[in-house]
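Note that my numbering has the sequence shown beginning at 47, numbered continuously upward.
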Amino acid sequence: MNQWPDTRILDLLGIELPIIQAPMAGANGSAMVIAASSAGGLGSMPAALLSIEQLREELKTIRQHSQRPFNINYFCHQPPAPDEQRARDWKNLLEPYYRELGADFDAPTPVSNRAPFDVAACEVVEEFRPEVVSFHFGLPEEALLDRVKATGAKILSSATTVEEAVWLEQRGCDAIIAMGYEAGGHRGMFLSDDLSSQVGTFALVPQIVDAVKVPVIAAGGISDARGVAAAFLLGASAVQVGTAYLFTPEAKVSASHYKALRTAKESETAVTNLFTGRPARGILNRVMREIGPISDKAPKFPLAGGALMPLRAKDEADFSNLWAGQAFRLSAEMTTAELTRRLADEALAKLLRR
47 MNQWPDTRIL DLLGIELPII QAPMAGANGS AMVIAASSAG GLGSMPAALL
97 SIEQLREELK TIRQHSQRPF NINYFCHQPP APDEQRARDW KNLLEPYYRE
147 LGADFDAPTP VSNRAPFDVA ACEVVEEFRP EVVSFHFGLP EEALLDRVKA
197 TGAKILSSAT TVEEAVWLEQ RGCDAIIAMG YEAGGHRGMF LSDDLSSQVG
247 TFALVPQIVD AVKVPVIAAG GISDARGVAA AFLLGASAVQ VGTAYLFTPE
297 AKVSASHYKA LRTAKESETA VTNLFTGRPA RGILNRVMRE IGPISDKAPK
347 FPLAGGALMP LRAKDEADFS NLWAGQAFRL SAEMTTAELT RRLADEALAK
397 LLRR
């Protein structure tokens, strides 16, 4: 008999443990998805940085090695209109670093891109029929969303405010990911770009639980069993965990990211728009400290990263994003499967002792 106090997510997604491995574009691939799903949780495959063919190869690998449910995650942003003046202003702001590091300032600026959900991506969903499809930055247009639903996939999306959660429920989401301000990586905000509207996990989760009828998944600042148990006490039906999985051998992080995760102080994360043009939480590095984590000169998402690419090639630690949530120091070294099971086992033990 299942002893979890709320089994709605388990029943909805067909999983054994209410632990969702967060999709982390660039930091996880099929190996982590397979391990998380095989352990009884829900593995999540991020699509935003992959070409269609790269994504298809990853999904083939997942289906070959696991029959368990898994999730594909997509971004839903609208590509911005070209703004040559803003691009020049941004690169000019970075010019002293080009000179210092010997990067070619006069060379064409590389293109930084993230793929939004489109017809080609929808065809991949129809081909592989994942049990779950999740979205970031809202939802795709209604016609594409209907096609995804027609495959039988359950639909998840992130909300950073109560208003966003209600909006998602009204448009047919099967469950809402309540993304607190503590979370690492890109904020899922889409109804507003005002960072002052962002709420911490402990305040956000119960308010979203009260505002919607669908089950709620807590995300942000959850790296150990205490956080999982707390999320359930706040009314969540599951948790989504990201940063803790960066400490597993299945994670695909750079040497600089690896070092920062293990040496930075607890207080050394900030929300920044420097690396992509959208607010995202990561570990502080030189460019964030010297320019400031938020700059109104940064081009709109996802273009800001282009001008940083030549600098990152010269000094990865100081000029690349080091995504991490505020609870990263609570993470421990173990495999993805061990982490998934430990989070669930220890949290359930705490809940049953109440």
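By construction, the Cβ of each residue, glycine as well, lies at the ideal position given by its N, Cα and C atoms.
Item to complete: List the endpoints of the continuous alpha helix (DSSP H) containing I340.
Response: Along the sequence shown, one-based indexing puts residue 340 at 294. Careful: I340 lies outside any alpha helix (DSSP H) and carries neither H nor E.
Fill in: Residues bridged to F116 (per DSSP)
Residue mapping note: residue 116 aligns to position 70 of the sequence shown, counting from 1. F116 is bridged to G89.
Item to complete: Go ahead and pull the three-state DSSP assignment for F183.
Response: Indexing the sequence shown from 1 puts residue 183 at position 137. F183: coil per DSSP, three-state reduction.
Worksheet item: Who are the near neighbours of E209 in its chain, counting only those whose CB is closer than 7 Å to its CB and skipping five residues on each side?
Response: Position 163 of the sequence shown holds residue 209. So the qualifying residues of the chain are L237.
Worksheet entry | According to DSSP, residues forming a beta bridge with P162 | On the sequence shown, residue 162 is found 116 positions in, with the first residue counted as 1. According to DSSP, P162 bridges with F121.
Item to complete: Could you say which of Y120, L105, E312 lies nearest to R404 if we only look at CA atoms?
Response: Because the chain is modelled from 47 through 400, residue 404 falls outside the range shown and cannot be assessed.
Fill in: Sufficient close CB pairs (3 or more, under 8 Å) joining the segment 91–101 to the segment 321–334
These segments do not touch.
Worksheet item: Per the contact definition of three or more C-beta pairs closer than 8 Å, is the segment 110–128 in contact with the segment 61–81?
Response: yes
Worksheet entry | Residue interval of the alpha helix (DSSP H) (run including T107) | As a first step, residue 107 is located in the sequence shown; it is residue number 61 there, counting from the start. Run containing T107: 98–111, per the alpha helix (DSSP H) assignment.
Worksheet entry | I222 in three-state terms, based on DSSP | By 1-based counting over the sequence shown, the position of residue 222 is 176. Three-state result, I222: strand.
Worksheet item: What is the rounded straight-line gap between the Cα of A282 and the Cα of V212?
Response: Within the sequence shown, residue 282 is the residue found at index 236, counting from 1. Within the sequence shown, residue 212 is the residue found at index 166, counting from 1. Between A282 and V212, the C-alpha separation is close to 16 Å.
Discussion item. Per the DSSP calculation, A265 is bridged to which residue(s)?
Written reply: Translated into the one-based positions of the sequence shown, residue 265 becomes position 219. Note: A265 sits in a beta bridge opposite M225, Q286.
Item to complete: Spatial neighbours of L354 within its chain, please: CB distance less than 6 Å, with the 5 preceding and 5 following residues excluded, ordered by chain position.
Response: The residue labelled residue 354 in the question sits at position 308 within the sequence shown. Excluding the 5 residues flanking it on each side, L354 has same chain C-beta neighbours closer than 6 Å at F365, in chain order.
Worksheet item: Which parts of the segment 296–379 are runs of the beta strand (DSSP E), unbroken and 3 residues or longer, counting only runs that do not cross its ends?
Response: 315–318, 326–329
Item to complete: Could you have a look at I254 and say whether DSSP puts it in helix, strand or coil?
Response: Here residue 254 refers to the residue found at position 208 when the sequence shown is read from its first residue. Here I254 sits in helix by DSSP.
Discussion item. Just to check my reading of the structure: G86 and R387 have Cβ atoms closer than 8 Å, yes? What is that Cβ distance to the nearest angstrom?
Written reply: Translated into the one-based positions of the sequence shown, residue 86 becomes position 40. Translated into the one-based positions of the sequence shown, residue 387 becomes position 341. Correct: roughly 7 Å between the Cβ atoms.
Practice prompt. Quick one: give me the first and last residue of the alpha helix (DSSP H) that S469 is part of.
Written response: A question about residue 469 goes unanswered here, because the residues of the chain that appear run from 47 up to 400.
Worksheet entry | Cα-Cα separation, A395 to A350 | As a position in the sequence shown, residue 395 is number 349, starting the count at 1. As a position in the sequence shown, residue 350 is number 304, starting the count at 1. Taking the straight line joining both Cα atoms gives about 45 Å.
Discussion item. Measuring only the C-alpha atoms, how far is A275 from E336?
Written reply: In the sequence shown, the residue the question calls residue 275 occupies position 229. In the sequence shown, the residue the question calls residue 336 occupies position 290. Each residue's Cα considered, the two are about 39 Å apart.
Worksheet item: Would you report the Cα separation of I263 and G288, rounded to the nearest angstrom?
Response: Position 217 of the sequence shown, counted from the start, is the residue given in the question as residue 263. Position 242 of the sequence shown, counted from the start, is the residue given in the question as residue 288. Near 13 Å, if we compare the C-alpha coordinates of G288 and I263.
Worksheet item: Per DSSP, Q244 is paired with what?
Response: In the sequence shown, residue 244 corresponds to position 198, counting from 1. BP columns for Q244 are empty, so no partner.
Discussion item. By DSSP's criteria, V178 is part of a beta bridge. Which residues make up the other side?
Written reply: For the purposes of this step, residue 178 is identified with residue 132 of the sequence shown, where counting begins at 1. Note: V178 sits in a beta bridge opposite N117, K200.
Fill in: First and last residue of the uninterrupted beta strand (DSSP E) at I65
The sequence position of residue 65 within the sequence shown is 19, counting from 1. I65 -> beta strand (DSSP E) spans 65–67.
Worksheet item: Going by alpha carbons, who is nearest to L88 out of L96, L95, S76?
Response: The residue labelled residue 88 in the question sits at position 42 within the sequence shown. Among L96, L95, S76, the Cα nearest to that of L88 is on S76.
Discussion item. For the alpha helix (DSSP H) containing V208, name the first residue and the last one.
Written reply: Looking up residue 208 in the sequence shown gives position 162. Segment 208–216, the alpha helix (DSSP H) holding V208.
Item to complete: Count the other CB atoms, across all protein chains shown, that sit within 10 Å of the CB of N48; report buried if there are 16 or more and exposed otherwise.
Response: Start at 1 with the first residue of the sequence shown, and residue 48 comes out as number 2. The residue in question, N48, is exposed, as its Cβ has fewer than 16 Cβ neighbours within 10 Å.
Worksheet item: Between the C-alpha atoms of F374 and A68, what's the straight-line distance to the nearest angstrom?
Response: Here the question's residue 374 lines up with position 328 in the sequence shown. Here the question's residue 68 lines up with position 22 in the sequence shown. C-alpha separation (whole angstroms): 14 Å.
Discussion item. Taking only three categories from DSSP, how would you classify G148?
Written reply: Translated into positions along the sequence shown, residue 148 becomes position 102. In the structure shown, G148 sits in coil (DSSP, three-state: anything other than H, G, I, E or B).
Practice prompt. Could you work out which residue in V194, E177, V157, A149 is closest to C168 when comparing CA atoms only?
Written response: The residue you call residue 168 lines up with position 122 of the sequence shown. V194 is the residue among V194, E177, V157, A149 whose C-alpha sits nearest the C-alpha of C168.
Discussion item. Relative to the C-alpha of L185, which candidate in E130, A196, N119 has its C-alpha closest?
Written reply: In the sequence shown, residue 185 corresponds to position 139, counting from 1. For L185, the nearest C-alpha among the options comes from N119.
Worksheet entry | Residue closest to A82, alpha-carbon to alpha-carbon, out of E384, R400, R399, E392 | By one-based count along the sequence shown, residue 82 stands at place 36. Closest option to A82, Cα to Cα, is E384.
Practice prompt. Look up G60 in the DSSP assignment and say whether it is helix, strand or coil.
Written response: Indexing the sequence shown from 1 puts residue 60 at position 14. DSSP places G60 in coil when its eight states are reduced to three.
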